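Visitor: Counted the way my numbering counts, the sequence shown spans residues 87 to 163.
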Amino acid sequence: TQYNERTQKTKIYYADTVDASYIADILALTENILKQGAHILLNVISKSGKTTETIALFELFLAQLKQYRPNDYAHFI
87 TQYNERTQKT
97 KIYYADTVDA
107 SYIADILALT
117 ENILKQGAHI
127 LLNVISKSGK
137 TTETIALFEL
147 FLAQLKQYRP
157 NDYAHFI
């Protein structure tokens with residue numbers, strides 16, 4: 087996460103854990119990006135498509151995206 091903050095280029099955040107503080111940090115970073123009017127893209131990867139943790143994390147980020155982009159959030163998934 088820290089490497090991403092040193093550059094102005096496209097940033098990639100991996101929400102690959104259910105560690106609450108780590109996910110809260112990423113949510114704060116993406117919220118900041120959305121508040122500035124920039125875009126985020128959610129890319130969900132799961133081998134089975136049924137992993138509870140992956141689905142739960144996706145729902146968190148989707149809710150955030152819907153909050154800041156209610157009319158066009160589907161374009162960023």
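Every residue gets a Cβ at the ideal spot worked out from N, C-alpha and C, and that includes glycine.
As the structure is a computational prediction, the values presented were derived from the model and not from experiment.
1. What are the start and end residues of the alpha helix (DSSP H) that includes Lys121?
2. Give the secondary structure of Leu146 by DSSP, where H, G and I count as helix, E and B as strand, and everything else as coil.
3. Hey, out of Phe144, Tyr99, Gln122, whose CA is closest to Asp111's CA?
4. Label Thr138 either buried or exposed according to how many other C-beta atoms from any shown protein chain fall within 10 Å of its C-beta, with 16 as the threshold for buried.
5. Excluding the 5 residues flanking Ile119 on each side, which residues of the same chain have their C-beta closer than 7 Å to its C-beta?
Guide: Judging by the given coordinates:
1. As a first step, residue 121 is located in the sequence shown; it is residue number 35 there, counting from the start. If you look at Lys121, you'll find it in the alpha helix (DSSP H) that goes 106 to 121.
2. Taking the sequence shown and counting its residues from 1, the one referred to as residue 146 is at position 60. Of the three classes helix, strand and coil, the one that applies to Leu146 here is helix, per DSSP.
3. For the purposes of this step, residue 111 is taken as the residue at position 25 of the sequence shown. Nearest to Asp111 by C-alpha distance, out of Phe144, Tyr99, Gln122, is Tyr99.
4. If you number the sequence shown from 1, residue 138 lands on position 52. When all chains shown are included, Thr138 counts as exposed.
5. For the purposes of this step, residue 119 is taken as the residue at position 33 of the sequence shown. Excluding positions up to five away in sequence, the list reads Ile126.
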